[in-house]
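Below is one structure, written out as structure tokens; comments come after it.
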């Protein structure tokens, strides 16, 4: 769980540490600061949950989360997210 506002001070170095190359490309295409904050917060929240479920995962920037038809996907985890107001919650289960 994280707050979107935690990512209000957008720094490229933070995005580079959290996002994979493909995710960074998507992030750079987003128009508004809020969209970027929510994108970064969601990816961080999912990857943090993945790390807590499996401490053997690589660095966050080595993991790519794909959003397909409104659902987040990763080959090794089932992912569920929800958000309300300033909060994002991610739950993952290792496959």
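Numbering (UniProt numbering), first residue to last: 1 to 95.
Heads up, the beta-carbon is just placed ideally off N, CA and C, and yes, glycines get one too.
1) At which residue ranges does the region 21-80 contain complete alpha helix (DSSP H) runs of 4 or more residues, listed in the order of the chain?
2) Any idea if residue 16 is buried or exposed, counting beta-carbon neighbours within 10 angstroms, 16 or more meaning buried?
3) Can you tell me which of 25, 64, 86 puts its alpha carbon nearest to the alpha carbon of residue 12?
4) Considering only DSSP beta bridges, list what residue 82 is partnered with.
5) State yes or no: is the C-beta of residue 92 within less than 8 Å of the C-beta of residue 41?
6) Look at the alpha carbon of residue 94 and the alpha carbon of residue 29, and state the distance between them as a whole number of angstroms.
7) Run through DSSP, which three-state label would residue 95 get?
8) Does the Cβ-Cβ distance between residue 20 and residue 64 come in under 8 Å?
9) Go to residue 4, then tell me how far its alpha helix (DSSP H) extends in each direction, as first and last residue.
Reading from the atomic positions:
1) Annotation note: the region 21-80 contains the following uninterrupted alpha helix (DSSP H) runs of length 4 or greater, listed N- to C-terminal: 21-29, 33-53.
2) By the 10 Å Cβ count, residue 16 comes out exposed.
3) Nearest C-alpha to residue 12: 25.
4) Beta-bridge partners of residue 82 (DSSP): 89.
5) By the CB criterion at 8 Å, residue 92 and residue 41 fall outside the cutoff.
6) Going from the Cα of residue 94 to the Cα of residue 29 covers about 30 Å.
7) It is coil, neither helix nor strand.
8) In this structure, residue 20 places its C-beta atom within 8 Å of the C-beta atom of residue 64.
9) First-last for residue 4: undefined, no H or E at that position.
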